[in-house]
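Report on the structure given below.
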Amino acid sequence: MIKIIFLALLLQQVRPDFILKKLRENTKIESIKFEATMEIKKGKKRLLKEFYGYGKGNDFLIVFTNPEDRDVKYLKLERDLYIYLPDIDDVVRISGDMLKQSLMGSDLSYEDLMEDDPFSYYSGKIIKDTVLEGHGVYILELVDTTGKAQYYRVKLFVDKTKYVPWKEELFTKSGRKIKEIKAFTISRFGERYYITDFIIQDLRMRNSSTRITYKKLEFDIKIPESFFSKETLYK
0 MIKIIFLALL
10 LQQVRPDFIL
20 KKLRENTKIE
30 SIKFEATMEI
40 KKGKKRLLKE
50 FYGYGKGNDF
60 LIVFTNPEDR
70 DVKYLKLERD
80 LYIYLPDIDD
90 VVRISGDMLK
100 QSLMGSDLSY
110 EDLMEDDPFS
120 YYSGKIIKDT
130 VLEGHGVYIL
140 ELVDTTGKAQ
150 YYRVKLFVDK
160 TKYVPWKEEL
170 FTKSGRKIKE
180 IKAFTISRFG
190 ERYYITDFII
200 QDLRMRNSST
210 RITYKKLEFD
220 IKIPESFFSK
230 ETLYK
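By numbering that gives the first Met the number 0, the letter at position 46 of the sequence shown is numbered 45, and the numbering carries on one by one without gaps.
Dropping the structure here:
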């Protein structure tokens, strides 16, 4: 009984808004440069894609380099998303229902790419202090209070010292779990912790998963503004 009371008091001391604040600090990026791979599995089929990119504020540029998708580029400018298709040498704006479509056949949607500050839509409560695969975590349940979030409810398994989620479960308003994200590696960059290897599963797709692994990451570097323009897509 004493142990139960102690744990209850401990959970009250670690407020959910403090955890949310720390999560947002880790995910807020002034500028970033990266190289990564994306492994997509559909049953027995496996696709490996490679890409690099830059991000600054709410904007980013992603360039694919694997032979099948070489020079396909994605550019996000504030709330607009564009794709450059080298086969037709043209730029297409992705909007409306197109945003719900899969990115390159992966378990990520274009909407997932559009979230600048995803935790800003939620209020949360701590429902448990536990251990997940050897990591001490807070289980945090978030509910959308704005009507703007892509996922109505989110369950996070947040590392108690790094304040980065080892696992995320994403739900609709009806309570259906539709996506699950699991981190394999969390790396430290100065005062920041960042997930560098993780897998996403869209549970609406059968036998499907997408693993993204960052090979290189640099934060808070100088990036020319010219990188983030539609003209850059044609280069």
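C-beta: ideal position from N, C-alpha, C; glycine also.
Reduced DSSP category for residue i - H, G, I as helix; E, B as strand; rest coil
i	result
Ser-228	coil
Gly-52	strand
Gly-123	strand
Asp-96	helix
Pro-66	helix
Arg-175	coil
Met-0	Its pLDDT being 48, under 50, Met-0 is placed unreliably in this model, and the coordinates cannot settle the point.
Glu-29	coil
Ser-101	strand
Per DSSP, the bridge partner or partners of residue i
i	result
Ile-199	Ile-180, Thr-209
Ser-186	Tyr-193
Leu-74	Leu-60, Tyr-81
Pro-164	Val-157
Lys-44	Lys-41
Neighbourhood of residue i by C-beta distance below 6 Å, restricted to the same chain and skipping five residues each side
i	result
Leu-47	Glu-38
Ile-222	Ser-30, Tyr-53, Lys-55
Gln-149	Glu-110
Asp-70	Pro-85
Segment limits, alpha helix (DSSP H) that includes residue i
i	result
Glu-24	15 to 26
Leu-112	109 to 113
Continuous beta strand (DSSP E) stretch holding residue i: start and end
i	result
Pro-117	That residue, Pro-117, is in no beta strand (DSSP E); it is neither H nor E in DSSP.
Arg-152	152 to 158
Asp-143	134 to 143
Same chain, Cβ closer than 8 Å to residue i, neighbours up to 5 away in sequence not counted
i	result
Leu-80	Tyr-73, Leu-74, Arg-92, Ile-93, Ser-94, Leu-98, Tyr-109, Leu-112, Met-113
Cβ neighbours of residue i in the same chain (closer than 7 Å, five flanking residues each side left out)
i	result
Lys-147	Tyr-120
Pro-15	Gly-123, Lys-124, Ile-125, Leu-139
Top-ranked residue by Cα proximity to residue i, from the options
i	options	result
Met-204	Ile-198, Ile-177, Leu-60, Tyr-192	Ile-177
Phe-226	Tyr-51, Lys-43, Lys-20	Tyr-51
Thr-64	Glu-224, Glu-49, Asn-57	Glu-49
Arg-23	Gly-104, Glu-77, Thr-144, Tyr-192	Tyr-192
Phe-218	Leu-202, Ser-208, Thr-195, Pro-66	Thr-195
Arg-78	Leu-107, Asp-116, Leu-102, Ser-105	Asp-116
Lys-229	Lys-20, Arg-210, Phe-59	Phe-59
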